[in-house]
């Protein structure tokens, strides 16, 4: 599958299906705008919605240096950080220390793996 977001093109190779069929966990960075496509392609999808406050997000986008000030303002104006739709979602607030959000992410992934091990 492939999609466009924020002026860039992204894609997930078909080989991911082979990994999933073997019971592997596959982690991919995606776009909220493409979730309906992800859900069709990957029925066991777990969305880990990483958010940050608009102020923190603006600072991080400026630091990346990939978008102009106008593009960043437009992006912040149009983009909700919530996940709309019927998805299995875990939301992690990454407004604070990176280590704190990282710990939550690891705990979430460990819970997924533990659930698979019991099946």
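In my numbering, the protein residues as written are 24 to 142.
All C-beta atoms, glycine included, are put in the ideal place defined by N, C-alpha and C.
**OP:** Let me know the secondary structure DSSP gives residue 69 once reduced to three states.
**Re:** strand
**OP:** Taking only the alpha-carbon atoms, compute the straight-line gap between residue 105 and residue 72 and give it to the nearest angstrom.
**Re:** 8 Å
**OP:** Below 8 Å on the Cβ atoms is my guess for residue 49 versus residue 42; work out the distance and round it to an integer in Å.
**Re:** 5 Å
Original post:
If you run the structure through DSSP and keep just helix, strand and coil, what is residue 115?
Top reply: strand
Original post:
Which of helix, strand or coil does DSSP assign to residue 28?
Top reply: strand
Original post:
CA-CA distance, residue 84 and residue 97?
Top reply: 12 Å
Subject >> residue 35 burial status per 10 Å Cβ neighbour count (16 or more: buried) >> reply: buried
Original post:
Straight-line CA distance for residue 61 to residue 52?
Top reply: 11 Å
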